[in-house]
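Notes follow the structure.
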Amino acid sequence: MDADGGVELEIPAHAEFLSLVRAVVATAAALDPRLGDERIEDLRLAVSEATTNAIESHAQLGSEERIAIRCDLGEDRIEVEVQDQGEGFDPDSLSPMPPPTDPERLEYEHGLGLPLMRVLADETRIRTGADGTAVSLVVYTTPRGRS
Amino acid sequence: MDADGGVELEIPAHAEFLSLVRAVVATAAALDPRLGDERIEDLRLAVSEATTNAIESHAQLGSEERIAIRCDLGEDRIEVEVQDQGEGFDPDSLSPMPPPTDPERLEYEHGLGLPLMRVLADETRIRTGADGTAVSLVVYTTPRGRS
Amino acid sequence: MFLGLTTSSRAPWTVLHVRGEIDMASAPQLRQEVVRVIDRGDHDLVLDLTEVAFCDSTGIGVVVAAVKRARTAGGDVRVVCVNERLREMFAITRLDRVFDLFDLVDEAVAGAVPGAETREAG
Amino acid sequence: MFLGLTTSSRAPWTVLHVRGEIDMASAPQLRQEVVRVIDRGDHDLVLDLTEVAFCDSTGIGVVVAAVKRARTAGGDVRVVCVNERLREMFAITRLDRVFDLFDLVDEAVAGAVPGAETREAG
Ligand SMILES: Nc1ncnc2c1ncn2[C@@H]1O[C@H](COP(=O)(O)OP(=O)(O)O)[C@@H](O)[C@H]1O
Ligand SMILES: Nc1ncnc2c1ncn2[C@@H]1O[C@H](COP(=O)(O)OP(=O)(O)O)[C@@H](O)[C@H]1O
């Protein structure tokens with residue numbers, strides 16, 4: 145990933161900036177003519193989910209630190225990394241959603257973000273620790289993501 | 145100007161990123177409900193002009209450095225600063241445009257950017273030196289720009 | 003940043019028309035309106051998302067909350083959306099099995115009222 | 003990123019219809035097309051900017067270059083635009099005094115052909 149070829153954005157950790165992040169990602173992704181509208185929409189939604197989590201993680205700490213979003217237009221992929229300075233979490237210990245037939249299902253208003261990201265992006269990488277989380281979302285621009 | 149309340153964007157110094165800068169500025173400005181569409185459009189165009197000059201200044205040096213754009217949503221104003229690492233210039237020594245009646249006028253395809261910025265923005269400040277230029281463009285959100 | 007929210011009556015259904023982008027910034031506004039409508043007794047609710055240009059999982063969460071609140075009050079929620087992306091999201095989250103999705107408000111209000119079968123069947 | 007460029011003939015005028023955003027990224031594409039059209043002999047050119055969503059000073063520079071090239075070749079350029087912002091830009095730069103602006107292509111091609119007055123006036 146060539147850091148110099150990318151776009152970097154820093155926003156205050158407030159929900160009102162989500163629409164701006166989406167605009168940046170969609171506009172950056174549109175610079176690659178190989179990416180169709182559907183894939184741009186996939187990435188836009190996935191990044192919105194990741195940024196929402198990042199903003200929530202700062203809210204929980206009462207942190208006024210900013211959220212950083214990097215978009216890298218690579219040879220065969222677009223990679224967006226959302227970086228927060230929240231407390232981190234354990235992605236493996238999240239409780240799975242009850243099945244739709246279970247009346248309990250309606251108790252779960254949350255917990256949809258990460259599953260959605262994993263479906264929408266071609267690759268989802270999470271690096272997380274006590275000093276923050278970085279979520280990388282990759283969408284391939286060439287059929288197999290390898291040029 | 146509260147640096148923590150703003151949005152920061154860094155782009156490669158290439159023309160294809162201009163549309164992204166415009167999208168960011170328009171979306172950031174739209175977060176302030178007091179700003180009408182016309183003023184947003186003013187700011188969007190002024191920032192596009194400043195960013196165009198910044199990109200040109202890097203191209204002239206063959207510099208691969210990035211351009212930084214900061215949007216600050218203040219109490220009574222939106223301020224956007226475009227910062228480059230070009231060679232700088234002397235804003236006072238630019239030759240004025242010939243009048244429209246002068247046939248020479250058609251020799252001037254350039255030199256419209258700064259005059260436009262000055263008309264579009266409520267305040268235009270230029271800090272420039274051998275290590276770069278920072279152009280600040282301010283649009284007031286309250287009638288007199290003082291809250 | 004703000005949603006357009008209007009309600010119309012298609013007795014016994016109340017239709018809540020939503021316009022705009024539903025995310026963490028705008029979801030509270032939608033949630034508040036849903037609560038207001040259901041709590042005033044209009045618990046047979048059609049959520050018309052036809053003009054929703056964007057909806058993320060926060061928005062989906064509000065829909066889930068609406069279904070729960072309406073059912074608890076003895077009513078139900080039907081969701082109208084044509085947006086393929088939104089349909090997909092309801093499918094990925096398997097929520098399309100939890101409540102009914104319709105293409106048109108007319109179709110949503112034409113279906114049987116919840117409980118009507120047991121009340122009227124004889 | 004790319005402009006939509008099409009030409010149509012309204013003899014003796016050639017109309018170049020531009021669609022999209024004209025900035026430093028897209029201006030070279032427009033400049034090239036203008037040069038191509040004028041250099042093949044179609045030097046009476048109407049630049050139809052009706053569907054230009056954005057144009058900055060780089061775009062204005064291309065219009066100036068087109069006027070210069072067309073006049074050098076013995077022709078002229080008329081500009082069609084309704085966009086208020088673009089009108090304003092031509093006013094601020096006082097270019098509205100250098101060439102003629104029209105609201106509609108029909109109006110632009112209806113005006114007298116440059117040079118026609120001297121040719122036809124008797
Ligand atoms: N960036 C993050 N920092 C800290 N915790 C996170 C982060 N992203 C996700 N989480 C944790 O994982 C949980 C599940 O996230 P997600 O699937 O996106 O659903 P939701 O955000 O709706 O809860 C969150 O509730 C939170 O506890
Ligand atoms: N950021 C900058 N760095 C270096 N020179 C600049 C910068 N901005 C403007 N200039 C100088 O000022 C001149 C006039 O700028 P402007 O009015 O925007 O017109 P144009 O960019 O079309 O030439 C430029 O040609 C350039 O020489």
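Chains A, B, C and D, in that order, are what the protein sequence lines are. Note that the numbering used here has the first sequence beginning at 145, numbered continuously upward. Note that the numbering used here has the second sequence beginning at 145, numbered continuously upward. Note that the numbering used here has the third sequence beginning at 3, numbered continuously upward. Note that the numbering used here has the fourth sequence beginning at 3, numbered continuously upward. Cβ coordinates follow ideal geometry from the N, Cα and C atoms, glycine included.
Would you say residue i touches ligand 2, meaning its beta carbon is less than 7 Å from a heavy atom?
i	result
residue 254 (chain B)	yes
residue 32 (chain D)	no
residue 186 (chain B)	no
residue 292 (chain B)	Residue 292 (chain B) falls outside the range modelled here, since chain B spans only 145 to 291, and no answer is possible.
residue 162 (chain B)	no
residue 233 (chain B)	yes
residue 201 (chain B)	yes
residue 223 (chain B)	no
Counting along the chain, where does the beta strand (DSSP E) carrying residue i start and finish?
i	result
residue 190 (chain A)	Run containing residue 190 (chain A): none in the beta strand (DSSP E); it sits in the alpha helix (DSSP H), 181 to 205.
residue 280 (chain A)	276 to 284
residue 102 (chain D)	102 to 104
residue 7 (chain D)	6 to 12
residue 79 (chain C)	78 to 82
residue 18 (chain D)	15 to 24
residue 166 (chain B)	Here residue 166 (chain B) belongs to no beta strand (DSSP E); instead the alpha helix (DSSP H) covers 162 to 174.
residue 99 (chain C)	Where residue 99 (chain C) is concerned, there is no enclosing beta strand (DSSP E), given that its DSSP letter is neither H nor E.
residue 210 (chain B)	210 to 217
May I ask you to check if the CB of residue i is nearer than 7 Å to at least one heavy atom of ligand 1?
i	result
residue 277 (chain A)	yes
residue 257 (chain A)	yes
residue 315 (chain A)	This structure does not reach residue 315 (chain A), given that chain A is present from 145 up to 291, and the question cannot be answered.
residue 265 (chain A)	no
residue 281 (chain A)	no
residue 197 (chain A)	yes
residue 238 (chain A)	yes
residue 59 (chain C)	yes
residue 193 (chain A)	yes
Just reading off the alpha helix (DSSP H) that residue i is part of, what are its end residues?
i	result
residue 229 (chain B)	Looking at the DSSP string, residue 229 (chain B) is not in any alpha helix (DSSP H), and its letter there is neither H nor E.
residue 63 (chain C)	59 to 74
residue 35 (chain C)	29 to 41
residue 255 (chain B)	That residue, residue 255 (chain B), is in no alpha helix (DSSP H); it is neither H nor E in DSSP.
residue 110 (chain C)	107 to 112
residue 90 (chain C)	86 to 94
residue 157 (chain A)	Neither: residue 157 (chain A) is in no alpha helix (DSSP H) and is coded neither H nor E.
residue 265 (chain B)	Taken as a continuous stretch (DSSP letters only), residue 265 (chain B) belongs to no alpha helix (DSSP H), as it is neither H nor E.
Taking Cβ-Cβ distances shorter than 8 Å, what residues in chain F pair up with residue i?
i	result
residue 196 (chain B)	Protein chains A, B, C and D are contained in the structure displayed, whereas chain F is not.
Whether or not the segment 173 to 180 of chain B and the segment 270 to 280 of chain B are in contact is what I'm after, with contact meaning three or more pairs of Cβ atoms, one per stretch, closer than 8 Å; do they touch? no
State whether the segment 46 to 55 of chain C contacts the segment 75 to 82 of chain C, with contact taken as three or more CB pairs (one from each stretch) at a distance under 8 Å. yes
Three or more C-beta pairs below 8 Å linking the segment 91 to 103 of chain D and the segment 226 to 245 of chain B: yes
Taking 8 Å as the cut-off, does the segment 225 to 235 of chain A touch the segment 276 to 287 of chain A (at least 3 CB pairs, one atom from each stretch)? yes
What residues in the segment 168 to 180 of chain B have a beta carbon less than 9 Å from any beta carbon of chain A? 168, 170, 171, 172, 174, 175
Give, in chain order, every residue of the segment 268 to 286 of chain B whose Cβ lies closer than 8 Å to some Cβ of chain D. none
Below 8 Å, how does it come out for the segment 151 to 167 of chain A and the segment 233 to 242 of chain A: are there three or more Cβ pairs, yes or no? no
Flag this pair as touching only if the segment 259 to 266 of chain B and the segment 199 to 213 of chain B have three or more C-beta atom pairs under 8 Å; answer yes or no. no
The segment 23 to 30 of chain C contacting the segment 54 to 68 of chain C, beta-carbon criterion three pairs below 8 Å: yes
Of the residues that make up the segment 74 to 95 of chain D, which ones have a beta carbon closer than 8 Å to any beta carbon in chain B? 87, 91, 94, 95
Under 8 Å, CB to CB, which of the residues in the segment 99 to 112 of chain C have a partner in chain A? 99, 100
For the 8 Å Cβ check, are there 3 or more pairs between the segment 13 to 22 of chain D and the segment 186 to 193 of chain B? no
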